[in-house]
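As structure tokens, the structure follows; a few thoughts come after it.
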Amino acid sequence: MNERYEPVIGIECHVELKTATKMFCGCCNEFGGEPNTKICPVCLGLPGALPVPNRRAIEHIVTVGVAFGSTIAEFSKFDRKNYFYPDMPKDYQISQYDMPVAAGGSVKYWIEDGELRECRLTRVHLEEDTGKSTHAGSTDGRIAGSEYSLIDFNRAGVPLMECVSEPDLRSAQEAVAYLEALRRTLLALGVSDVKMEEGSLRCDANVSVRPVGSSSYGTKTEIKNMNSFRSVERAIASEVARQIAIVESGGRIEQETRGWDEINGVTHSMRSKEEAHDYRYFPDPDLVPLEISPAEVRRVTQTLPELPAQRFERYTARYSIAPRQTAQLIDNPALAGYFERVLALGARPAQAINFVLGDLSRLANETGVAVAESAVTPEYLSGVIALVEDRRITSKVAKDVLARCWHGEGAPAAIVEREGLARQSDTGALVPLVDQMLAAHPAVVADYRAGKQNVLGFLVGQVMKASRGTADPVVVKELLNERLSSG
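Residue numbering for the sequence shown follows our numbering, beginning at 807 and increasing consecutively.
Written out as structure tokens, the structure reads:
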């Protein structure tokens, strides 16, 4: 990154809302299906078809606004955004212009080192989605070079939330962290499944550069066609580098919309950027204004779940869990719930997180069974941790016991007793094992006595292996030191 310039980035996200029906009609709101099978006269903009707002979609927008600390408008309205494109049959999109449902607020996100940052929001508003065009015959799926285009209107009219951020982000990595935080929050609220691969989360990035220390904004470009968080990061980094190169060579940045070319790793010009007046917004005469009562806002506020940013602060501050581990839990609500139940049973957070994200997650990957659905109940894990804390078993044995619990061999205490896995601290029982290992590895003993004391760990490991992990490693180390020093 050029240290003389800093990126200035804002993100516009379009999120399909999780509702049973579309925004202004009764058609099914569901991903997939045969093309043009979930449509009606309203979807297609046929003469005489009148829209009826989806109450659930409006409630979702209010919920999102409250969660992000936005100001919820008591009065709002729908507007017609006029432009022509084949996948929009009415030749206008029902959207919101100057009176959005929610204004202001912010999204809290965290970066690699765990620092919590904040990106302000400009607005959150409600609109309808368009149909989907498929361009056949081109190598990259673009209309240029295609032989013909097909349009599927199943998506037309799906309720869409647009969330517009202020230009508060200063790197491609921050932009991705912001998007991840937004996605986590929307999932926690249950308003969308936010799957980029299905198009229910789509985003554009507004990017400009300016000299470090400057408070003015440079000319921005808008980047489209980013279909993953990885694409977002690469596209922004590429565009920032392009703009810096132009500025340093004395050139001028053009305000335009640019597309991301995933294959070649560059952005390309698509069209000049439209301004609001180009869309000729005006209030939709077929839809009455929205009235959102303060009582409704209070009700939503009281029913909000714990949000990911709040959980992040709680886990890192109260439990001293590392940011990366915290993010893993937050990204898996079922696993986070399991972890919380283990803590409620008295386990120490440090021990619990290591087992949950370590041994249990490894077993989950190997078997395809989620931790929360496995035979290792929170009570079982809490029991294993208690056995380790009480020095009744070693950490190595704990791993074995958990694996046995996972495969349905019973409760931890019963496994330890049945298999003879209790910690061995009796020197009388351990001395023969120590002597056996010393006799079996004369070269290692010679190395130790020649000054290579780091080989002691190897000998401790051999004794632990011979005891099936039951030997107390502290006692084993003491015995080895005694034997090696007296030899």
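The beta-carbon is built from N, C-alpha and C at its ideal position, and this holds for glycine as well.
Linking P1114 to G854 through their CA atoms gives a straight-line distance of about 45 Å. For S998, the secondary structure class from DSSP, reduced to helix, strand or coil, is coil. Scanning T869, E1045, L1227 and V1280 for the CA closest to the CA of D1067 turns up E1045. Membership of K883 in any beta strand (DSSP E) is not indicated, and neither H nor E is assigned to it by DSSP. Annotated three-state conformation of S1037 is helix, per DSSP.
At the C-beta level, S876 and Q902 stay beyond 8 Å of one another. Taking G920 as the centre and dropping the five residues before and after it, the same chain places the C-beta of T1122 and P1129 closer than 7 Å to its C-beta, in chain order. Residue pairing of H866 in beta bridges, as defined by DSSP: absent, with no partner found. Shown here, P965 sits in a strand according to DSSP, grouped into three states.
Using a Cβ-Cβ distance cut-off of 8 Å, the region 891 to 898 and the region 926 to 937 are in contact, since at least three pairs of beta carbons, one from each stretch, lie closer than that value. Contact between R929 and A909 is confirmed by a C-beta separation of about 5 Å, below the 8 Å threshold.
A straight-line Cα-Cα distance of about 40 Å links E809 and L823. Our two residues, H931 and C1009, have alpha carbons roughly 15 Å apart in a direct line. K938 is bridged by DSSP to D958. DSSP links S912 through a beta bridge to R926.
Excluding the 5 residues flanking it on each side, P841 has same chain C-beta neighbours closer than 7 Å at D958 and N960, in chain order.
In the three-state reduction of the DSSP assignment, S1075 falls in the strand class, which pools E and B. When C-alpha distances from D885 are compared across P859, V1177 and R1210, the shortest belongs to P859. About 15 Å separates the beta carbon of P1155 from that of V1190, a gap too long to meet the 8 Å contact definition. For R976, same chain residues with a beta-carbon under 8 Å away, outside a window of 5 residues either side, are E812, P813, V814 and I815 in chain order. For R1274, the three-state secondary structure derived from DSSP is coil.
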